[in-house]
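Below is one structure, written out as structure tokens; the observations come after it.
Number of protein chains: 2
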Amino acid sequence: MRNEQLAELGQQLRVDTVRATDAAGSGHPTSSMSAADLMAVLAANHLRYDFGEPHHPGNDRLILSKGHASPLLYALYRAVGAVDDEELLTLRRSGSRLEGHPTPRLPWVDVATGSLGQGLPVGVGMALAGQRLDRLPYRVWVLAGDSEMAEGSIWEAAEHAGYERLDNLTLIVDVNRLGQRGPTRHEWDLDAYASRLRAFGWHTIEIDGHDVAAIDAALTEATATEGRPTAIVARTHKGRGVAAVEDKEGWHGKPLPDAGRAIEELGGPRFVSVDVAAPSDGRVRHEPPGDQPPAPTYAIGDEVATRDAFGAALAALGSRRTDVVAIDGEVGDSTRAAAFGEAHPERYFECYIAEQQLVATAVGMRARGYVPYATTFAAFLTRAHDVIRMAAVSGTAIQLVGSHAGVAIGQDGPSQMGLEDLAMFRSLYGSTVLYPCDANQTARLVTAMAELPGIGYLRTSRGATPVVYGPDDEFPVGGSKVLRSGDADRVTVVAAGVTVHEALRAADLLATEGIGVRVIDLYSVKPVDVATLQEAAEATGCLMTVEDHRPEGGLGDAVACAFADGRPLPRLIRLAVRNMPASATPEEQLLLSGIDAESIAAGVRLLVEQAVVR
Amino acid sequence: MRNEQLAELGQQLRVDTVRATDAAGSGHPTSSMSAADLMAVLAANHLRYDFGEPHHPGNDRLILSKGHASPLLYALYRAVGAVDDEELLTLRRSGSRLEGHPTPRLPWVDVATGSLGQGLPVGVGMALAGQRLDRLPYRVWVLAGDSEMAEGSIWEAAEHAGYERLDNLTLIVDVNRLGQRGPTRHEWDLDAYASRLRAFGWHTIEIDGHDVAAIDAALTEATATEGRPTAIVARTHKGRGVAAVEDKEGWHGKPLPDAGRAIEELGGPRFVSVDVAAPSDGRVRHEPPGDQPPAPTYAIGDEVATRDAFGAALAALGSRRTDVVAIDGEVGDSTRAAAFGEAHPERYFECYIAEQQLVATAVGMRARGYVPYATTFAAFLTRAHDVIRMAAVSGTAIQLVGSHAGVAIGQDGPSQMGLEDLAMFRSLYGSTVLYPCDANQTARLVTAMAELPGIGYLRTSRGATPVVYGPDDEFPVGGSKVLRSGDADRVTVVAAGVTVHEALRAADLLATEGIGVRVIDLYSVKPVDVATLQEAAEATGCLMTVEDHRPEGGLGDAVACAFADGRPLPRLIRLAVRNMPASATPEEQLLLSGIDAESIAAGVRLLVEQAVVR
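Sequences listed follow chains A and B, in order.
Residue 616, in this note's numbering, is where the first sequence stops; the numbers in between run on with no holes.
Residue 616, in this note's numbering, is where the second sequence stops; the numbers in between run on with no holes.
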């Protein structure tokens, strides 16, 4: 498209932005208007995309990291004919696909945006997939705002992209100088952004973001640049084209004061139709599985850490399924993800100590059809909470594995202990939370995770624990295992992970004292096995949960939730980590937190003596 | 101290590191040995600190960001006479102050470290306090590892420190080339770190980290550098001084294979005593409160958003208490923290869109005795989850305020909705979670937060809601308010925030149908008012929780927890946000999520019709 038309298209995108937000009565027209020329030139002359076939493997990826500029994206969709004018005007209405911030309810949106600073990290994941897995020539374009460049996640991504020489990735920074509350830190100091990005190994181009010829040249240069990602740092005006709001404070996130006049000032409505270039041909070739060593199994009574079983199972899964990838946060030797890396180095991605990028890489790769397992210590997954939250908003199925759960890690102390991870993962929409207690169970659950529809979380333990299940036992998601039961059970102890072994020891001890105890291994913390818990409640009247986790949000709450349908609840006792641990041996830790076998036994004896239970 | 002695001191720190970790049977000697010379020269010739008076206002601050090198820190404490040799050898034992990663159980440790990448952000908070609040000449020294430079939080801090020209801050990067699983991304490419930091406005010095003269000169240069923070990027050898482990992979986090021989190789035990320079005199002068406008109050029936009440209350609190500071993540106009900024600009800190730095600034300022309130959207506080978790490990009292809670925000959609924040904050050790429903209640709670001993969280709402309490009502932490009750109540509805108003509407509606409903405003979500909930359970037999939050970890779980002492539980019904919201009006959102008055009323009617309740 020629420059005059490009300028016309930019104005059209502005007009449509104003129209849509005016119809909605809310939204972010000024943030959209600053980037209109950037988007116009990109779509008309550089993007390769088949809007009729959003899953075409050769499609470029376009991520609107500044998700609040959604009206601009939707105006572009109108220009390319993907949505019609009627739909454009449904912006932000209930039932409309055109949400306040873009989500994958629209087939051309790969990932939801709106929490700033996440588009680039996810784009890095996609670009990595393009370069090292798909090996297709598609490009990844990320449009970011200037305010979001303050997010650390941007710099984790900048580092990763520079280091991996992702020349299929282009970042366009819309430097409109104004954040929502006033001037940004660097205002129009383009070099502040460019020099930082250059230091991280990027090629940078500084332009006037309203000069369509300059934009066109910059995008051409980005595409031609080899061996480095490119950032186009564009000086723009927020609210460009409408004098009442252009480059003025106080107009963030508000429709224009007089839409009719603004549209007139912008030259009125028009319809420049954009013919987006077709994607290049090419198909993703997943290598067929090669030699498939048998999945490892373990003999009952062996002592195996669930993290070891995880690593072995993931490596074996990787042999059976060549769409499985693993991502490490520089702790693969500890999480045992390294076993996958040794078996499948081409599908193993090192993110170093950058947990937001760790999870964002998984999100980007899932958007390209892979089945990612991202792993670090359970405690450090909290670092990526917002990225995981946004993955849930996207409906993206990513599998996360957190090792070193709970006080049972021992001497390293509380900074390394995952004690809030179950709460974090349970609260996420559509999540599945798994917490195995032995090696065979772990192996089964690792395999099952590949089929989960949403976010999956597996919690593994550092120390070795006895294998209690046979290699042919099955562990459906949403299930549980009753490990001890008898007609005279007076209490049900509900445990998971390391506390299963404590519960079994307590039950065996109490059995010698004539006190029957039912033990449930609640390996599926979400969804929870309502039927088995309700049956146990009816049979024993009292449930005692024991968890290597904070009292809030974990196993105890999961069990309570099984009785949230109005049926009478059983008596419920919760043993959990209520202290702030310090250094101590694993055994001491369990004792000090009151979640070891002796504490369980003492608690049950008390209930019996006080006749709280039958 | 002269160079020969400095070298001796460095060797001594190594020997003591080896001895302590050998006695412990675990720990990180090699990571300590790389930084021993850096720490020796810093302590002997540059640090100004009174170990007998850790709270001396003039003390420099020393943060071991690479917390796993704790043996080095403890070896230094021995050298300065703060701990004796006997205590040194208690490393990592249960009951010892010398934990695997440092915590404030030691009086010279301001903040716990061990989750990497957090020492610098917290140091930025302290340096800001030194420069803009305390106005004292103390310096902040942060010793970081090379691996942790991959964390985005480091770059949020680098940006903040450069922008604020914190020349009282020095970062020392111990570039020992080896992470825990192998080589780091940049190995010994010192310029990779230095060039990035320079781009962010830092002065940088690259040195051999085992050359004590070079270290001494660099620290002198750092102290003399004005207008910019300084980073000393030091090339070191992991495991320096012991050939069996020096610069070798596979020795992270393990005691040395033959401690006796290693100590011999290091020249044997010695005791070079370090006489640390005294801090400069000077006291912190908190300005006396000036004019104190009356705290704002609101008339019952007025429509006021709790975020508005928060901003006004915080500004008023800032007039009464000059130790209160407020920190914004570039959304102060939305959270209404801006009201504090207008009243007290000298105590208002803008962190831009960098939530980890937002919270770390609060942590650093609290360590300097201030009472910080850090605010952003509730959803975006998840970005700082790990920083908040570490603040809990530190036992640091910081106050966090999350606005735009729940689906009630309306059209902006799920990316902007805080729906998991209650779960996150409830699960933290020692936290307090508050969720007001009206303006007078908000004002009281904002004031009460200043006295909380740990992490406080206040959840505010975007839209206006009716004032239901008088200005003299009191709202103790751990309390609740019974807003409707009668002898014939058949169900108790437990609500907080926006759902209180829905519950009241439902109760009034049901009253006209002859169905009595008790309504509890559970504004203190943690701790929870056990007595009132148990009383309601006894009176009505059935509780229905209604929350603008995910079903997990929030109000429903908090209520269930009130019955976790083994007493019989009431029937419990939970209304919560179980869908993935899209754009819609606030009213539509509440309806679509089934937490509006009509949904509550319908649920209660069903319970009555089905004779689930009396």
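For every residue, glycine included, the Cβ atom is placed at its ideal position computed from N, Cα and C.
Around the beta carbon of A:R80, a 10 Å sphere encloses 16 or more other beta carbons of the protein chains shown; the residue is thus reported as buried.
In the DSSP assignment, B:Y459 falls within the unbroken beta strand (DSSP E) covering 458–461. From the listed residues B:R179, B:W157, B:R21, B:G456, the smallest Cα separation to B:E267 is found for B:R21.
Considering only beta carbons, the part of the segment 67–80 of chain A lying closer than 7 Å to chain B consists of G69, in chain order.
Here B:E332 is buried: its Cβ has 16 or more other Cβ atoms, across all protein chains shown, within 10 Å.
Within the segment 434–455 of chain A, not one residue has a Cβ closer than 7 Å to any Cβ of chain B. The DSSP-derived three-state label of A:I400 is coil. In the three-state scheme derived from DSSP, where H, G and I count as helix and E and B as strand, B:W190 is classed as coil. Contact annotation for B:L609 against chain A: G568 [CB-CB distance below 8 Å, chain order]. One Cα belongs to A:G69, the other to A:L524, and the distance between them is close to 39 Å. The DSSP-derived three-state label of B:L535 is helix.
Judged by pairs of C-beta atoms under 8 Å, the segment 345–353 of chain A does not touch the segment 439–457 of chain A, as fewer than three such pairs exist. Boundaries around A:D423 are those of the alpha helix (DSSP H), 423–428, since no beta strand (DSSP E) includes it. Per DSSP, A:H212 lies in no beta strand (DSSP E) segment and is marked neither H nor E. In the three-state DSSP reduction, A:L49 falls in the coil class, being neither helix nor strand. Within 9 Å of the CB of A:V85, no CB atom of chain B is found; the nearest one sits about 15 Å away.
Between the segment 240–248 of chain B and the segment 190–201 of chain B, the count of C-beta pairs closer than 8 Å stays below three; the two stretches do not touch. Taken through DSSP and simplified to helix, strand or coil, B:P468 comes out as strand. As the crow flies, the alpha-carbon of B:V519 is around 22 Å from that of B:V579.
For a Cβ distance threshold of 8 Å, residue set G154 of chain B lies close to A:Q358, ordered along the chain.
The Cβ-Cβ distance between B:R237 and B:D210 falls below 8 Å. Apart from the 5 residues on each side of it in sequence, B:E150 sits with its Cβ closer than 6 Å to the Cβ of L118, G119 in its chain, given in chain order. Residue nearest to B:S595 within the set B:V548, B:L130, B:D559, B:G366 is B:V548 (criterion: CA-CA distance). Residue range 526–528 is occupied by the beta strand (DSSP E) that includes B:S526.
Scanning chain A for C-beta atoms nearer than 8 Å to the C-beta of B:S336 yields Q182, R183, reported in chain order. Not a single unbroken stretch of the alpha helix (DSSP H) spanning 4 or more residues falls wholly within the segment 227–257 of chain A.
When Cβ-Cβ separations below 8 Å define contact, B:G284 makes no contact with chain A. Taking C-beta atoms as the reference points, B:T462 and B:F312 count as a pair closer than 8 Å. When beta bridges are read from the DSSP output, A:H205 appears opposite A:T232. Between A:G97 and A:V113, the alpha-carbon positions lie close to 19 Å from each other. With its beta carbon at least 8 Å from every one in chain B, A:A393 lies outside the interface. Among the residues facing chain B, A:P588 is not included, as its CB has no counterpart in that chain under 8 Å away. Secondary structure note for B:E352: its beta strand (DSSP E) is the uninterrupted segment 350–352. B:W143: not part of any alpha helix (DSSP H); member of the beta strand (DSSP E) spanning 142–147, first to last residue. Take the alpha-carbon of A:E208 and the one of A:V235: they are about 5 Å apart.
CA-CA distance, B:L506 to B:R486, rounds to 8 Å.
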